[in-house]
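K.L.:
Residue numbers (the numbering used here): 339 to 831.
We treat Cβ as the ideally placed atom computed from N, Cα and C, and that holds for glycine.
Once you've had a glance at the structure underneath, I'll fire off some questions.
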C-alpha cells in the first residue's frame, strides 16, 4: 500500500522502539477526543470535543467539560504509555442526569499522546461509543532514546510486507477472502470476543489486507479518526454478524433446533447498518473531496461472504452438538442397561441366597421339632421318677403371652427337655392346694417352683413358689415373662 498506510502501521507497531524512556514536561496540554456513532443507534452520529491533560511528573490528569458535564480521572505515565479510568456525569441541574465511564489508553508517538478510548455505561455492561484521542505534548530534552531505528528503513520493511496478513500472539488471521472463508467455516471466529476485544486490531488489519488483495481498495487516510471509524465498522458488521448466529440461535437437546427466524431478525439490523455505510447515505472520516472511500462499498460485500461462512460454521457446530448428544445418550443408555442387568443378577443372587437360607432354617427347625418331640420318650424313666400326677404329665402346657393363652407344648415333652438342659441342676415334684408343679434348681441359683392349674387335660401356669411362698401370677406382663421363661428353660445349654 502507500506510504500513509505504512506510516500508520509504524505508529501502531513500533511505538515502543521510539520514545519509551521519554519524559513529558510538567504543564497543561490540549487535545482532541473523536468518537464514532452511538453503537446502539448509529443515527446519533460522531462528534469531536476538546480535552485537557495536566502533567506533573509521571502523574497525568484528564479533564473534559463544557459546563454541562464533567469527565475526569488520572493515571501514571510509564514506559511510554498511560491508562486512564475516567468517570463522567452531567451536572445536577441537567435533566439528563446520567453518568458514564471512559477507558483511555494513550501511547507516546512522535511528540504526541495517541490512542483509543471507549465510553461505556456507568456499570460497564454496555459499550456506548468507540473513540480516538490525539494530544500534542512537549518532552523534556535528552530523555528520548538516541539510537532509534531510522524511519526510512522502517518504512521500507513495512512496505515489503504490505500484503502480509495481520498477526496475533496465536498466529496469523487472514489476508484473502478465501482464507477468511476457510478459517471462518472452521469456527475460528465463532467467538465474537476475538472481533470485539482480544484480536480486534488484528482482525481489522486482516480485513483491510483482504479488501486490498481481493477488492483493490486503496489505503486508508492516515487520519486517526479514519482508522477508528474503520475498526468500528469492521467490529460492528462482523462482530454483530457472529453475535446474530451465536447468541441463542441453536436450541437445546435433543434437537438443537436452529432458530432461523431469530437469526434473520438480528441480521436485518446488521444489514441496515451496512446499508448506512454506502456513499449515498453518508461519508465519514475516511472520505475526502473525491467522495466516499471505496472501502465503504467493499466492506458490506465482504461481510456477506463472512455471513455465509459463519452460517456454515454454525451448521457444523449444530451437527457436532447433535452427534455429541447422541453419543452421550447412547453411553447413558448403555450404562443404565448395564446397571439394570447387574441389579437383576444381584437380585437373583440375593433371592437364591434367601431361598437357601429359608430352606436351611426349615430343615433345622424340623430337625429341632423332631428332636424336641422325642424328649418325653428319651426321658420317660426320669419323668416317671418325679411321681407327678399322670393327668398333669399327659396334659398340654398352656401359657399366656400378650393376652392370649396358647399351647406351649405337651407337659411330658416340656419335662423331658428340662432334664436335657445342663443348666438345670435338679428337678423335683411339688404341689400346693392340690395343684401340681415342679421345683427347678438352676446352677448357682436358689430353686424356683412353678404351679399349674388343671382344667381337664390342660395345665395352666398360675403361680410361682419362692422360699415356700406361693405368689400367684396376676398381671399381663408377669404372664408374658413367665411364658418366655418356660420356653427358655427348654433350650439346651
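Exposed or buried, what is residue 479 when buried is set at 16 or more other beta-carbons lying within 10 Å of its beta-carbon?
P.N.:
Here residue 479 refers to the residue found at position 141 of the chain shown. Exposed is the call here.
K.L.:
Taking the straight line between their C-alpha atoms, what separation do you get for residue 771 and residue 790?
P.N.:
Taking the chain shown and counting its residues from 1, the one referred to as residue 771 is at position 433. Taking the chain shown and counting its residues from 1, the one referred to as residue 790 is at position 452. Distance between the alpha carbons of residue 771 and residue 790: 11 Å.
K.L.:
I'd like the span of the alpha helix (DSSP H) that includes residue 749, first residue to last.
P.N.:
Taking the chain shown and counting its residues from 1, the one referred to as residue 749 is at position 411. For residue 749, the enclosing alpha helix (DSSP H) stretches over residues 749 to 757.
K.L.:
What residue does the alpha helix (DSSP H) around residue 720 start on, and which one ends it?
P.N.:
In the chain shown, residue 720 corresponds to position 382, counting from 1. Start and end: 718 to 723.
K.L.:
Residue 343 to residue 418, Cα distance in whole Å?
P.N.:
In the chain shown, counting from the first residue as 1, residue 343 sits at position 5. In the chain shown, counting from the first residue as 1, residue 418 sits at position 80. At residue 343 the pLDDT is 39, less than 50, meaning the model places this residue with poor confidence; the figure from the coordinates comes in the next sentence. If I take the Cα positions, the gap works out to 23 Å.
K.L.:
On the DSSP letters alone, give me the boundaries of the beta strand (DSSP E) that residue 799 sits inside.
P.N.:
To locate residue 799, count along the chain shown from 1; it is residue 461. Its beta strand (DSSP E) spans residues 796 to 804.
K.L.:
Note down, in chain order, each residue of its chain lying with its Cβ closer than 8 Å to the Cβ of residue 363, except the 5 sequence neighbours on either side.
P.N.:
Stepping through the chain shown from its first residue, residue 363 is reached at position 25. Hits under 8 Å: 393, 475, 476, 477, 478.
K.L.:
Under a Cβ-count criterion, where at least 16 other Cβ atoms within 10 Å of its own Cβ denotes burial, should residue 513 be classed as buried or exposed?
P.N.:
Walking along the chain shown from the start, residue 513 turns up at place 175. In the assembly as shown, residue 513 is a buried residue. Its beta-carbon has 16 or more other beta-carbons within 10 Å.
K.L.:
Between which residues of its own chain and residue 407 is the CB-CB distance below 8 Å, once the five residues before and five after are set aside?
P.N.:
Position 69 of the chain shown, counted from the start, is the residue given in the question as residue 407. Excluding residues within five positions, the ones whose Cβ falls inside 8 Å are 426, 427, 428, 429, 432.
K.L.:
Select from 721, 828, 801 the residue whose C-alpha is nearest the C-alpha of residue 816.
P.N.:
For this step, residue 816 is matched to residue 478 along the chain shown. When only C-alpha atoms are compared, the closest one is 801.
K.L.:
Please return the same chain residues whose Cβ sits closer than 6 Å to the Cβ of residue 507, not counting the five positions on each side in sequence.
P.N.:
Position 169 of the chain shown holds residue 507. Model confidence at residue 507 stands at a pLDDT of 42, short of 50, so the residue's coordinates are unreliable and nothing is read from them.
K.L.:
Let me know the secondary structure DSSP gives residue 452 once reduced to three states.
P.N.:
Stepping through the chain shown from its first residue, residue 452 is reached at position 114. Reduced to three states, the DSSP call for residue 452 is strand.
K.L.:
Measure from the alpha carbon of residue 804 to the alpha carbon of each residue in 819, 827, 398, 768, then state which is nearest.
P.N.:
Position 466 of the chain shown holds residue 804. Nearest C-alpha to residue 804: 768.
K.L.:
Throw me the rounded Cβ distance for the residue 721 and residue 753 pair, which I believe falls under 8 Å.
P.N.:
Working through the chain shown from its first residue, we reach residue 721 at position 383. Working through the chain shown from its first residue, we reach residue 753 at position 415. At roughly 5 Å, the Cβ-Cβ gap stays under 8 Å, so residue 721 and residue 753 are in contact.
K.L.:
For the beta strand (DSSP E) that residue 790 lies in, which residues bound it at each end?
P.N.:
By one-based count along the chain shown, residue 790 stands at place 452. Per DSSP, residue 790 belongs to the beta strand (DSSP E) from 786 to 793.
K.L.:
On the DSSP bridge list, what partners appear for residue 408?
P.N.:
Counting from 1 along the chain shown, the entry for residue 408 is found at position 70. Paired residue(s): 403, 427.
K.L.:
Looking at the structure shown, is residue 465 part of a helix, part of a strand, or coil, going by DSSP?
P.N.:
Position 127 of the chain shown, counting from 1, holds the residue named residue 465. Here residue 465 sits in strand by DSSP.
K.L.:
Decide if residue 582 is buried, meaning its Cβ has at least 16 other Cβ atoms within 10 Å, or exposed.
P.N.:
Your numbering for residue 582 matches position 244 in the chain shown. Flag for residue 582 reads buried.
K.L.:
What span of residues does the alpha helix (DSSP H) with residue 605 cover, start to end?
P.N.:
As a working note, residue 605 is residue 267 in the chain shown. From DSSP, the alpha helix (DSSP H) with residue 605 extends over 598 to 613.
K.L.:
By the DSSP assignment, the alpha helix (DSSP H) with residue 678 in it spans what residues?
P.N.:
Along the chain shown, one-based indexing puts residue 678 at 340. Note, residue 678: alpha helix (DSSP H), 633 to 711.
K.L.:
If you draw a straight line from the C-alpha of residue 385 to the C-alpha of residue 574, how long is it?
P.N.:
Numbered from its first residue, the chain shown carries residue 385 at position 47. Numbered from its first residue, the chain shown carries residue 574 at position 236. Residue 385 and residue 574: Cα-Cα distance of roughly 18 Å.
K.L.:
Can you name the start and end residues of the alpha helix (DSSP H) that residue 545 belongs to?
P.N.:
By one-based count along the chain shown, residue 545 stands at place 207. It spans 538 to 553 - the alpha helix (DSSP H) in which residue 545 sits, taken as one unbroken run.
K.L.:
In its own chain, which residues sit with a C-beta less than 8 Å from the C-beta of residue 436, not counting the 5 before and 5 after it?
P.N.:
Within the chain shown, the letter at position 98 stands for residue 436. Leaving aside the five residues that flank residue 436 on each side, the residues in its chain whose CB is nearer than 8 Å to its CB run, in chain order, 427, 428, 460.
K.L.:
Answer with buried or exposed for residue 585, where buried requires no fewer than 16 other C-beta atoms within 10 angstroms of its C-beta.
P.N.:
Within the chain shown, numbered from 1, the residue matching residue 585 stands at position 247. Under this definition residue 585 is an exposed residue.
K.L.:
Is residue 374 close to the ligand FAD? I mean its beta-carbon at under 7 Å from any heavy atom of the ligand.
P.N.:
Among the components modelled here there is no ligand, and therefore nothing to report on the ligand FAD.
K.L.:
On the DSSP letters alone, give me the boundaries of the beta strand (DSSP E) that residue 812 sits inside.
P.N.:
Numbered from its first residue, the chain shown carries residue 812 at position 474. Neither: residue 812 is in no beta strand (DSSP E) and is coded neither H nor E.
K.L.:
Give the C-beta separation of residue 594 and residue 656 to the nearest angstrom, bearing in mind that I take them to be a contact with Cβ-Cβ under 8 Å.
P.N.:
As a working mapping, residue 594 is identified with position 256 in the chain shown. As a working mapping, residue 656 is identified with position 318 in the chain shown. Contact flag correct, Cβ pair sits at about 5 Å.
K.L.:
Which residues bound the beta strand (DSSP E) around residue 367?
P.N.:
Here residue 367 refers to the residue found at position 29 of the chain shown. Residue 367 -> beta strand (DSSP E) spans 365 to 373.
K.L.:
Could you check if residue 571 is buried or exposed, using at least 16 other CB atoms within 10 Å of its CB as the buried criterion?
P.N.:
For this step, residue 571 is matched to residue 233 along the chain shown. With 16 or more other Cβ atoms within 10 Å, it is buried.
K.L.:
Compute the Euclidean distance between the alpha carbons of residue 635 and residue 457, then round it to the nearest angstrom.
P.N.:
Locating residue 635 in the chain shown gives position 297, where the first residue counts as 1. Locating residue 457 in the chain shown gives position 119, where the first residue counts as 1. Computed Cα separation, rounded: 28 Å.
K.L.:
Report yes or no: do the region 645 to 653 and the region 517 to 532 share at least 3 C-beta pairs separated by less than 8 Å?
P.N.:
By the Cβ criterion, the region 645 to 653 is in contact with the region 517 to 532, since at least three pairs of Cβ atoms, one from each stretch, lie closer than 8 Å.
K.L.:
Whole angstroms are fine: how far does the CA of residue 473 sit from the CA of residue 555?
P.N.:
Counting from one through the chain shown, the residue named residue 555 turns up at place 217. Counting from one through the chain shown, the residue named residue 473 turns up at place 135. One Cα belongs to residue 555, the other to residue 473, and the distance between them is close to 30 Å.
K.L.:
Would you identify the three-state DSSP class for residue 760, choosing helix, strand or coil?
P.N.:
Position 422 of the chain shown, counted from the start, is the residue given in the question as residue 760. Looking at residue 760 - three-state DSSP - the assignment turns out to be coil, as it is neither helix nor strand.
K.L.:
Give the single residue among 466, 414, 454, 424 whose Cα lies nearest to the Cα of residue 376.
P.N.:
As a working note, residue 376 is residue 38 in the chain shown. The shortest C-alpha separation from residue 376 is found at 466.
K.L.:
Report all residues from its chain with a CB closer than 7 Å to the CB of residue 420; omit the five preceding and five following residues, and keep chain order.
P.N.:
Here residue 420 is taken as the residue at index 82 of the chain shown, counted from 1. 398, 413, 414, 444, listed in sequence order.
K.L.:
Considering only residues of the same chain and omitting the five flanking positions on each side of residue 779, which have a CB-CB separation below 6 Å?
P.N.:
If you number the chain shown from 1, residue 779 lands on position 441. So the qualifying residues of the chain are 763, 764, 785.
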